[in-house]
Amino acid sequence: MEFSSQEQKYEKKAQKLKDELISDMFVDVKDPLSKLELVDCILKLGLARYFEEEIKEILNNISSAKNSSSCMERDLYATALCFRILRQHGYEVSQDMFVGFLNENGKFKASTASNVEALVELFEASNLGSEGDNILNEARLFSIRNLKSYFAKNSDCNLALNLPLHWTAEWYDIKKQIFKYEKNDKINSKLLELAKLNFNIIQASHQKDLKEITRWWLELGITDKLSFSRDRMVESFLYAGGVAFEPQHGSLRKWLSKVIKLVLIIDDVYDIYGSLEDLECFTNAVIRWNPEEIKDLPECMKICYWTLFNTTDEIAVEIQKEKGWNSVSTHLQKAWADFCKSLFLEAMWDDKGYTPSLEEYLDNASISSSGPLLSLHVILGVENQPTKDVSEILEDNKDIIHYTSLIIRLCNDQGTSTAELERGDAPSSILCYMRQANVSEEVARKHIDNIIIRTWRKINSYCIKNTSFLEEFVKYIINEARVAHFIYQHGDGFGVQDGQHRKRVLSNLIEPLALN
């Protein structure tokens, strides 16, 4: 059977399951808590696209004062679940929902620590806190402190504390959630079957994209000429797939995969290969977008430049054709120029043996993280029939782009090994703070963790303040940060290809789920 006919068969079966679930599943749930748990299950299984109207209706009803109060009166678990899902979907909901669980000193009552399920949900809810949400800050500390004692008994606690749901790349969590719900006797079997079917449908579309992007890379025929650089085409696609996993974003995934692959190559040029003089020449050639500037560079750097030059122009033409943007090339060229300038500054620091302050490092690192470059492609790749100029959109969204870029860099730095830090191969936020504050690596890593937490609060604040006119692409920009947590959670996801890395690739890109 041809793959296309198999895909059609899957889609037809998925539609049949959806219709059956709408006619019975949503009718069977009556009380607000059961409805919230159903919505939570649908979201975790990656099925929101099938039930958008039903989810909206449920949340609209629950968000009303009349219905939300009945939800809150139940217990801490119900309140935390209600808060998390409503705020996650942009509803106006206050941290005051938790006041009833506080003592006279503004701390959570000791009696609320007895329910592990409630503590996990409280922790998850606390990660949607914004700047100034002091009750949620207290909720985070309280839940972590009490959950640590349950580590040995409940692995879900450990998983939640390592990477909260709000920081998790949705696509790379779906399979784990399916396996988890398979152990739940109360799960609707049709919903679980739809989740498996949907996973296979999306994975199949990703496999098509990966074949195309791999063919593009192989046809360039430059791998052997860039032996100093990391050959990470699959990993580049893995990152892109986490940013925008939905089937309709195939073009964006391919554009992002090419950009990330180029980012890795050029990063290695600046980190490993080029002399400072050659790097200055390369940087100027990118700034001026003029191939004439590279005539004296080593051959492999010329290859890097021409690959960047040609690929960027190809992407610009495709974006303009598919999405209707004007002057795409100008904006892409500027983004690459900014990226290379930031790498050159880091190269100059390294050449001089200079360690910047943490603040100075982060000012530059938010650009060298490639976050602004990725975000530009996301904006251009998600928006259809643009009504604003690109420059205006970038200005309007500069804060969310900056926060996301910062998290990408900090997650990257946290994936840096102790050995790399000791060698001082490249500047990192950890090393900068160790030297600036004269502290140990452990203390510095904790400090960086706290910056990540504060930056997520800024992201949450931004989304809450701009809920009424939040553009669709903002979700995908924030996904860049979520995928960074995934890629660097167990070390450098673009570095050593170990067993953990192989398992991720096989699970998410290669191995489908067995269907009934």
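In terms of UniProt numbering, the sequence shown is residues 1 to 516. From the three backbone atoms N, C-alpha and C, an ideal C-beta is built for every residue, glycine too. Since the model is a prediction, treat every value here as computed from it, not as a measurement.
Report the option in the options whose CA atom is closest to the CA atom of residue i.
i      : options                        : result
GLN207 : VAL505, TYR273, LEU515         : VAL505
THR330 : TRP289, LEU256, ALA347         : TRP289
GLN15  : ILE58, LYS190, TRP255          : LYS190
ARG253 : ASP75, LEU210, ALA285, ARG230  : LEU210
ILE448 : SER429, SER440, LYS465, ASN438 : SER429
PHE108 : GLU138, VAL234, GLU121         : GLU138
ASN326 : PHE344, GLU383, PRO291, TYR270 : GLU383
PHE26  : GLU392, LEU136, GLU53          : GLU53
LYS9   : ASN450, GLY274, LEU197         : LEU197
ASN127 : ALA48, LYS176, VAL263, THR455  : THR455
TRP217 : LYS261, SER205, THR416, THR355 : LYS261
HIS296 : LEU308, LEU279, THR311         : Before going further, note that residue 296 is Asp rather than His in the sequence given. Of the candidates LEU308, LEU279, THR311, the one whose C-alpha sits nearest the C-alpha of ASP296 is LEU279.
SER130 : TYR476, ILE459, ASN508         : ILE459
PHE344 : TYR270, GLY415, PRO298         : TYR270
TRP255 : ILE452, ASN188, VAL317         : VAL317
GLN177 : CYS463, ARG482, ILE42          : ILE42
ASP31  : PHE309, GLU7, ILE62            : ILE62
PRO164 : GLY132, TYR361, VAL116, VAL120 : VAL120
Using 10 angstroms around the beta-carbon of residue i, count the other beta-carbons present and answer buried if the total reaches 16, otherwise exposed.
i      : result
GLN248 : exposed
LYS35  : buried
ASP28  : exposed
ASP19  : exposed
GLY46  : buried
GLN203 : buried
LYS44  : buried
LEU147 : buried
TYR403 : buried
ASN184 : exposed
ILE510 : exposed
PHE228 : exposed
TYR354 : exposed
MET97  : buried
MET348 : exposed
GLU235 : buried
How close, in whole Å, do the beta carbons of residue i and residue j come, if the pair is a contact with beta carbons under 8 Å?
i      : j      : result
ALA80  : ALA125 : 4 Å
TRP171 : GLY242 : 5 Å
LYS225 : CYS281 : No, LYS225 and CYS281 are not in contact; Cβ-Cβ is about 19 Å, not under 8 Å.
TYR305 : ILE294 : 5 Å
ILE222 : LYS258 : At roughly 13 Å, the Cβ-Cβ gap does not stay under 8 Å, so ILE222 and LYS258 are not in contact.
ALA118 : ASP75  : 6 Å
GLU359 : ALA426 : GLU359 to ALA426, Cβ: 18 Å. No contact.
SER405 : SER366 : 4 Å
ILE22  : LEU59  : Contact flag wrong, Cβ pair sits at about 16 Å.
PHE473 : ILE379 : 5 Å
LYS484 : ILE407 : Contrary to the premise, residue 484 reads as Ala rather than Lys in this sequence. The Cβ separation is near 6 Å, so the contact holds.
ILE201 : GLU7   : 7 Å
If you draw a straight line from the alpha carbon of residue i to that of residue j, how long is it in whole angstroms?
i           : j      : result
LYS186      : GLU395 : 48 Å
residue 549 : SER143 : Nothing about residue 549 can be reported from this structure: the residues present for the chain run from 1 to 516 only.
SER375      : TYR433 : 27 Å
LEU238      : ASN162 : 21 Å
LYS13       : ASN479 : 29 Å
LYS341      : PRO512 : 42 Å
SER149      : SER111 : 15 Å
residue 520 : SER357 : The shown model of the chain, from 1 to 516, leaves out residue 520, and the question about it has no answer.
GLY381      : GLN320 : 10 Å
LEU102      : ASP413 : 37 Å
SER370      : LYS56  : 35 Å
ASP351      : ALA285 : 21 Å
ARG445      : LEU373 : 26 Å
ARG230      : ASP268 : 8 Å
PRO386      : ILE401 : 19 Å
ALA337      : THR283 : 7 Å
SER64       : PHE51  : 21 Å
GLU104      : ASP363 : 42 Å
SER205      : GLU219 : 21 Å
ASP40       : CYS82  : 10 Å
CYS411      : TYR488 : 6 Å
GLN333      : THR312 : 8 Å
THR416      : ILE265 : 18 Å
TYR77       : ASN134 : 19 Å
ASN67       : ILE452 : Caution applies to ASN67, whose pLDDT of 49 falls short of 50 and renders its modelled position unreliable; the value that the coordinates give is listed next. Roughly 35 Å separates the two Cα atoms.
residue 518 : GLY274 : Here the chain has residues from 1 to 516 only, and residue 518 is not among them.
Inset, instruction - Could you name each continuous alpha helix (DSSP H) segment of 4 residues or more that falls completely within the stretch 188-222, going from the start of the chain to the end? - result: The qualifying runs are 189-220.
Legend entry - alpha helix (DSSP H) runs contained entirely in the stretch 355-439, provided each spans 4 or more residues: Segments of the alpha helix (DSSP H) lying fully in the stretch 355-439: 358-368, 371-382, 390-396, 398-414, 418-423, 429-437.
Inset, instruction - List in chain order: all unbroken alpha helix (DSSP H) runs of 4+ residues lying wholly within the UniProt domain "Terpene synthase N-terminal" (5-156). - result: The qualifying runs are 32-44, 52-63, 65-72, 76-88, 116-126, 134-147.
Legend entry - Inside the stretch 221-255 only - beta strand (DSSP E) runs reaching at least 3 residues: Scanning the stretch 221-255 for uninterrupted beta strand (DSSP E) segments of 3 residues or longer gives nothing; none is fully contained.
Inset, instruction - Tell me the start and end of each unbroken beta strand (DSSP E) in the stretch 448-476 that is at least 3 residues and wholly inside, in chain order. - result: Within the stretch 448-476, no complete beta strand (DSSP E) run reaches 3 residues.
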